[in-house]
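Peer 1: Chains as they are written, first to last, in this note's numbering: chain A, 179 to 490; chain B, 7 to 555.
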Amino acid sequence: MKLQDTSVFDANSPQARAILHLFYFDLVISAVIFLAVASLVIYAVIRFRQRPGEGEPFQDPGNPKLETLWTIIPALILLALLVATAYTMRVVNPPVIRSEPNVVVIAHQWWWEYRYPQSGVLTANELHMPVGKKWLLCVESADVIHDFWVPGLGAKVDAIPRNQNYLWITPSKTGVYPGTCAEFCGEEHALMGIRVIVQPQEEFEAWQQSQLRVPAKPSGVEAERGAQLFEERTCMNCHTIAGTKARGTVGPDLTHVGDRQTLGSGAIPNTWEQLTKWIMDPQKIKPGCNMPSLKLTESQAHDIAIYLEALK
Amino acid sequence: MSKESPTNRAINSLADIKEYRSMLSWITSVDHKQIGIMYIVSAFVFFLVGLGLALAMRIQLMVPVSHFMSPGTYNQIFTMHGTTMVFLMAMPLLFGFSVYFVPLMIGARDMAFPRLNALGYWLYLFGALMMYFSFIAGGAPDAGWFSYAPLTERGYSSSPGIDYWALSLLVMGAGSVATGINLIVTVLTLRTPGMTLTRTPLFVWMIFFNAFLVILALPALNAALVMILADRQLNAHFFSPAHGGSALLWQNYFWLFGHPEVYILVLPAFGVISEVIPVFSRKVIYGYGFMAASTVAIAFLSYGVWIHHMFATGLSYVILYVFAGSSMLIAIPTGIKIFNWIATMWGGSIRFTTAMLFATAFLIQFTVGGLSGVAFAAIPIDWQLTDSYFVVAHIHYVLLGGTLFAMFAGTYYWFPKVTGRMLSEKIGKLHFWLMVLGFNGTFFGMHLLGVAGMPRRAYTYLDRPPLGTLHLISSLFAFVLALAILVFLWNVVRSLRKGEVAGDNPWGGWTLEWATTSPPPVENFDRVPPVRGRRPLWDLAHKKEGGQP
Numbered sequence: 179m180k181l182q183d184t185s186v187f188d189a190n191s192p193q194a195r196a197i198l199h200l201f202y203f204d205l206v207i208s209a210v211i212f213l214a215v216a217s218l219v220i221y222a223v224i225r226f227r228q229r230p231g232e233g234e235p236f237q238d239p240g241n242p243k244l245e246t247l248w249t250i251i252p253a254l255i256l257l258a259l260l261v262a263t264a265y266t267m268r269v270v271n272p273p274v275i276r277s278e279p280n281v282v283v284i285a286h287q288w289w290w291e292y293r294y295p296q297s298g299v300l301t302a303n304e305l306h307m308p309v310g311k312k313w314l315l316c317v318e319s320a321d322v323i324h325d326f327w328v329p330g331l332g333a334k335v336d337a338i339p340r341n342q343n344y345l346w347i348t349p350s351k352t353g354v355y356p357g358t359c360a361e362f363c364g365e366e367h368a369l370m371g372i373r374v375i376v377q378p379q380e381e382f383e384a385w386q387q388s389q390l391r392v393p394a395k396p397s398g399v400e401a402e403r404g405a406q407l408f409e410e411r412t413c414m415n416c417h418t419i420a421g422t423k424a425r426g427t428v429g430p431d432l433t434h435v436g437d438r439q440t441l442g443s444g445a446i447p448n449t450w451e452q453l454t455k456w457i458m459d460p461q462k463i464k465p466g467c468n469m470p471s472l473k474l475t476e477s478q479a480h481d482i483a484i485y486l487e488a489l490k
Numbered sequence: 007m008s009k010e011s012p013t014n015r016a017i018n019s020l021a022d023i024k025e026y027r028s029m030l031s032w033i034t035s036v037d038h039k040q041i042g043i044m045y046i047v048s049a050f051v052f053f054l055v056g057l058g059l060a061l062a063m064r065i066q067l068m069v070p071v072s073h074f075m076s077p078g079t080y081n082q083i084f085t086m087h088g089t090t091m092v093f094l095m096a097m098p099l100l101f102g103f104s105v106y107f108v109p110l111m112i113g114a115r116d117m118a119f120p121r122l123n124a125l126g127y128w129l130y131l132f133g134a135l136m137m138y139f140s141f142i143a144g145g146a147p148d149a150g151w152f153s154y155a156p157l158t159e160r161g162y163s164s165s166p167g168i169d170y171w172a173l174s175l176l177v178m179g180a181g182s183v184a185t186g187i188n189l190i191v192t193v194l195t196l197r198t199p200g201m202t203l204t205r206t207p208l209f210v211w212m213i214f215f216n217a218f219l220v221i222l223a224l225p226a227l228n229a230a231l232v233m234i235l236a237d238r239q240l241n242a243h244f245f246s247p248a249h250g251g252s253a254l255l256w257q258n259y260f261w262l263f264g265h266p267e268v269y270i271l272v273l274p275a276f277g278v279i280s281e282v283i284p285v286f287s288r289k290v291i292y293g294y295g296f297m298a299a300s301t302v303a304i305a306f307l308s309y310g311v312w313i314h315h316m317f318a319t320g321l322s323y324v325i326l327y328v329f330a331g332s333s334m335l336i337a338i339p340t341g342i343k344i345f346n347w348i349a350t351m352w353g354g355s356i357r358f359t360t361a362m363l364f365a366t367a368f369l370i371q372f373t374v375g376g377l378s379g380v381a382f383a384a385i386p387i388d389w390q391l392t393d394s395y396f397v398v399a400h401i402h403y404v405l406l407g408g409t410l411f412a413m414f415a416g417t418y419y420w421f422p423k424v425t426g427r428m429l430s431e432k433i434g435k436l437h438f439w440l441m442v443l444g445f446n447g448t449f450f451g452m453h454l455l456g457v458a459g460m461p462r463r464a465y466t467y468l469d470r471p472p473l474g475t476l477h478l479i480s481s482l483f484a485f486v487l488a489l490a491i492l493v494f495l496w497n498v499v500r501s502l503r504k505g506e507v508a509g510d511n512p513w514g515g516w517t518l519e520w521a522t523t524s525p526p527p528v529e530n531f532d533r534v535p536p537v538r539g540r541r542p543l544w545d546l547a548h549k550k551e552g553g554q555p
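The following block contains the structure:
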């Protein structure tokens, strides 16, 4: 699937397009005002530069009529912008009245948890959505303030602890939309990436079904060893894998981690080589993240990686 | 010294004033001029430190996924950059200009409370030093200059950095309030006979209203700082949602201070521009009444716009509409000023000294910053662009392209008055052009970075075009900007040693500070000229006898 741009000009939802149109309107107004100011200044600079032998210029103390004019004209322009603003707000993020969210986004230091209340699916860092459906996102935080921002799909909203914020998104084109946490949230704020995977309805349904299945038991010597290590080491204090004893909720749910495109909230691509490196020393890839270095040998890390990559 | 000098002593430089010669006289000084100079010099030292921190950030961001510094270090550096530039550089710089020039411009002997004035400076200096002491006391603050709770709670920030941050700001905040009160009382009580409030120079007028902003805004911050200290040290839970506190309460307090603070940093700059443009255009300020009234409007409205820093926090529509409206409203008085300054230049006889060049660049750059500010008042645009590099571009166009350029205009304008020596115009022009190039090169591209989806306060970014290219360009121009500052430093050092002797009134200024020696003697004036209008020295030269303002 195509990796989309993060430019606000590449708007792929009616919400993002409405914002973009307002932005164009504002840019045109700004350009006109800027050109007016700049050309007046430049004209004054050239025309009224001191000339040799020039006497004292006429001391003009002001002209209230003229000044009232340049009070009223900007006021009218701003009034037009205010009306456009109010209109666009209604289109982009109308108040939520008695609507169930399609997905609950829970921000953590420094990863994202997604819960689909209707189906019971729970996943991390990569949000799957069907194309063309108007979805309501409920955004919460488990610790400090974060902010959910996917520029290609529209507005951002803060994730505030003990608080629920809502966001409407109607993705109009399939693809992978990168986003990021936009509110400074501590050490790894920079590597708190979001991926929204917008799929055709059938594909989304299939994905949702796959997420509800308990993954198959590990097969192969390496994977079995990996599964055992996962239980023996401290991994399951923080992570959950359905169908096993692992029930930790501090870190991302790993039940279907093999399905994901990236690791560490978008820090690295999800391959077993990268996963091995991550398990060996996450602090090297994402310094300050909450996963400690577990002091595993490379072969142990490799086995765990093989086990995890098979979880689909 | 010329014979027309209003004092009988020959004063051409600070060294000619025997009262200023000993180090002790500076440390124990209650003279507003010495305190003003100490403010300005300290602010400049912290400016160099803040600039160094900025360069470190620009090196880190030059390439994607850079390992120049760790995330923890970067977060301390960007926090200290913002805190330094706002509290340790800009505010004291503006206070320095205020306490130095307000008494001179109103024909006073000193501030109303000279000892309180000294207290304000020393609270600032030691507060600032305490802030930097945190680096060797377990870690500098690392939650941003805005320090949003609950990230600042002990559970998320165990180093003492935030404690140092809050304590130092509290100390400096107390000093700022003291200085604010002092400025208000000075303007109200010490104006020379004949100078009614509406005859004060616009610089004084703007500082006067600015002082009200200071004494009303800082307490909101000080209260919030006490609360966060109580949270951290006494296990109070003001801002801790897990224990029933509110995360947004901090933001409301902080921006109730923080938005007036923006105008605290901008109004004095407006004041400087309102002095520089008329003198170098050889024209009276256009529409004094509109200029003065729009200042009051800005000061008043600045208390009613703070929510525009919180548009993405999920507030109700009623609140959003009100604050979108008020945020747009505040653009109107600012617009009036821009047009009135241009009208002042219109039909004038403009001398393009370095000071005037800085004032002209201010007009254009501040307009860019104002227009990008209006974009944030249009709430859906804010929902897309807030917390992105677009905001970084916006604040730097306002505070660097605006305030700092204005303060450089003021520096070139008043340096002869303060030191008795002219700054070199030749080096000054080099400084100006390097600064215009460096500033716009560094910050214009940040608008594009924001639009391209780059979040602010991030220590790194993944390699995704065009982010790398835009960051690289910005970083390279940052060094041009730094070079410009070095050129300025060179200009100051060189001019202090062998600059041209200024004389009382090198620019043909019209306000009272030009009616005494450069630098002014300890007592400021032997005799204050009669004030019968807004421009006493103009009236003196044109033998005006009438009593019109």
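Positions of the beta carbon are idealized from the N, C-alpha and C atoms, including for glycine.
Report, in whole angstroms, the separation of the C-beta atoms of Asn-188/B and Phe-119/B, which I expect to be a contact under 8 Å.
Peer 2: Confirmed, Cβ separation roughly 5 Å.
Peer 1: At 7 Å on the CB atoms, spell out the chain B contacts of Ala-216/A, in chain order.
Peer 2: Ordered by position in chain B, the residues that pass the 7 Å Cβ test against Ala-216/A are Ile-370.
Peer 1: Entirely within the region 305–332 of chain B and at least 3 residues each: give me those beta strand (DSSP E) ranges in chain order.
Peer 2: The region 305–332 of chain B contains no whole beta strand (DSSP E) run of 3 or more residues.
Peer 1: Using the beta-carbon count (16 or more within 10 Å), is Ala-187/A buried or exposed?
Peer 2: In the sequence under discussion, the amino acid at residue 187/A is Phe, which differs from the Ala named in the question. With fewer than 16 other Cβ atoms within 10 Å, it is exposed.
Peer 1: Short check: CB of Leu-99/B to CB of Met-441/B, under 8 Å?
Peer 2: No; because the gap between Cβ atoms is not below 8 Å, this pair is not in contact.
Peer 1: Determine whether the Cβ of Val-376/A lies closer than 8 Å to any Cβ atom of chain B.
Peer 2: Closer than 8 Å: no.
Peer 1: Do we get a CB-CB distance below 8 Å when we pair Tyr-323/B with the residues of chain A?
Peer 2: Answer yes: the Cβ-Cβ gap between Tyr-323/B and chain A drops below 8 Å somewhere.
Peer 1: Give me the DSSP bridge partner(s) of Glu-291/A.
Peer 2: For Glu-291/A, which the question treats as bridged, DSSP gives the partners Ile-284/A and Ala-302/A.
Peer 1: Closer than 8 Å, CB to CB, is Arg-227/A near chain B or not?
Peer 2: Chain B contact via Cβ: present.
Peer 1: If you drop the 5 nearest sequence neighbours on each side, which residues of the same chain put their C-beta closer than 6 Å to that of Val-36/B?
Peer 2: Correct list, in chain order: Pro-120, Arg-121 and Ala-124.
Peer 1: Grouping DSSP H, G and I as helix and E and B as strand, with all else coil, what is Tyr-127/B?
Peer 2: In this structure, Tyr-127/B counts as helix in the three-state DSSP scheme.
Peer 1: Counting Cβ pairs closer than 8 Å, one from the region 274–291 of chain B and one from the region 353–361 of chain B, do we hit at least three?
Peer 2: The region 274–291 of chain B, when compared against the region 353–361 of chain B, does touch it at the 8 Å Cβ threshold.
Peer 1: Can you name the residues that DSSP bridges to Val-354/A?
Peer 2: Paired residues: Leu-181/A and Ile-375/A.
Peer 1: Can you check DSSP and say which residues form a bridge with His-324/A?
Peer 2: Looking at the DSSP assignment, His-324/A forms a beta bridge with Ala-337/A.
Peer 1: Which of the three DSSP states, helix, strand or coil, is assigned to Ser-355/B?
Peer 2: In this structure, Ser-355/B counts as coil in the three-state DSSP scheme.
Peer 1: Per DSSP, Ser-246/B forms a beta bridge with which residues?
Peer 2: Answer is none; Ser-246/B lacks a bridge partner.
Peer 1: Assign Phe-125/A to one of two classes, buried (16 or more other C-beta atoms within 10 Å of its C-beta) or exposed (fewer than that).
Peer 2: Within the shown structure, residues of chain A are numbered from 179 to 490, placing residue 125/A beyond reach of any answer.
Peer 1: Rank Ile-385/B, Val-486/B and Ala-521/B by C-alpha distance to the C-alpha of Ala-262/A and give the top, closest one.
Peer 2: Ranking the options by Cα distance to Ala-262/A, first place goes to Ile-385/B.
Peer 1: What's the gap between the Cα of Leu-407/A and the Cα of Leu-486/A?
Peer 2: Answer to the nearest angstrom: the Cα atoms are 11 Å apart.
Peer 1: Quick one: what's got a C-beta closer than 7 Å to Ser-277/A's C-beta in the same chain, skipping five residues either side?
Peer 2: Correct list, in chain order: Leu-314.
Peer 1: Can you list the residues of chain A that Val-457/B reaches, using a CB-CB cut of under 9 Å?
Peer 2: Those are Ser-185, Val-186, Phe-187, Phe-201 and Pro-329, listed as they occur along chain A.
Peer 1: Does the contact criterion of 3 or more C-beta pairs under 8 Å hold for the region 438–453 of chain A versus the region 294–303 of chain A?
Peer 2: They touch, by the three-pair rule.
Peer 1: State yes or no: is the beta carbon of Ala-248/B nearer than 8 Å to at least one beta carbon in chain A?
Peer 2: Chain A, which has a Cβ nearer than 8 Å to the Cβ of Ala-248/B, makes this yes.
Peer 1: What are the partner residues of Ser-394/B, as DSSP defines its beta bridges?
Peer 2: Note: Ser-394/B sits in a beta bridge opposite Pro-461/B.
Peer 1: With distances taken Cα to Cα, identify the nearest neighbour of Tyr-418/B among Leu-406/B, Asp-469/B and Leu-495/B.
Peer 2: Out of Leu-406/B, Asp-469/B and Leu-495/B, Leu-495/B has the C-alpha closest to the C-alpha of Tyr-418/B.
Peer 1: At what residues does the beta strand (DSSP E) containing Val-317/A begin and finish?
Peer 2: Start and end: 313–319.
Peer 1: Quick check: Val-270/A and Ala-333/A, are their CB atoms within less than 8 Å of each other?
Peer 2: Yes. Within cutoff.
Peer 1: Let's see if you can read the secondary structure: which residues bound the alpha helix (DSSP H) around Tyr-485/A?
Peer 2: Its alpha helix (DSSP H) spans residues 476–487.
Peer 1: Just by C-beta distance, which residues in the region 67–86 of chain B are closer than 7 Å to chain A?
Peer 2: Listed by position, the residues of the region 67–86 of chain B near chain A (Cβ gap below 7 Å) are Ser-76, Pro-77, Gly-78 and Asn-81.
Peer 1: Determine, using beta carbons only, whether Ala-488/A comes closer than 8 Å to chain B.
Peer 2: So, not an interface residue.
Peer 1: Which same chain residues, not among the five before or five after Val-55/B, have their C-beta less than 7 Å away from its C-beta?
Peer 2: These residues qualify, in order along the chain: Thr-90.
Peer 1: Distance, Cα to Cα, Phe-329/B vs Leu-321/B?
Peer 2: Spanning the two alpha carbons is a distance of roughly 11 Å.
Peer 1: Under three-state DSSP, which class holds Tyr-418/B?
Peer 2: The answer is helix: DSSP assigns Tyr-418/B an H, G or I state.
Peer 1: From Ala-484/B, Leu-487/B, Arg-463/B and Leu-454/B, pick the residue whose C-alpha is nearest to that of Leu-473/B; which is it?
Peer 2: Of the listed residues, the one whose Cα sits closest to Leu-473/B is Leu-454/B.
Peer 1: Do you know whose CA, among His-402/B, Trp-347/B, Phe-103/B and Thr-202/B, lies nearest Ala-216/A's CA?
Peer 2: Of the listed residues, the one whose Cα sits closest to Ala-216/A is Trp-347/B.
Peer 1: Against chain A, which members of the region 356–389 of chain B pass a CB distance test of less than 8 Å?
Peer 2: So the close ones are Ile-356, Arg-357, Phe-358, Thr-366, Leu-369, Ile-370, Thr-373, Val-374, Leu-377, Ser-378, Val-380, Ala-381, Ala-383, Ala-384, Ile-385, Pro-386, Ile-387 and Trp-389.
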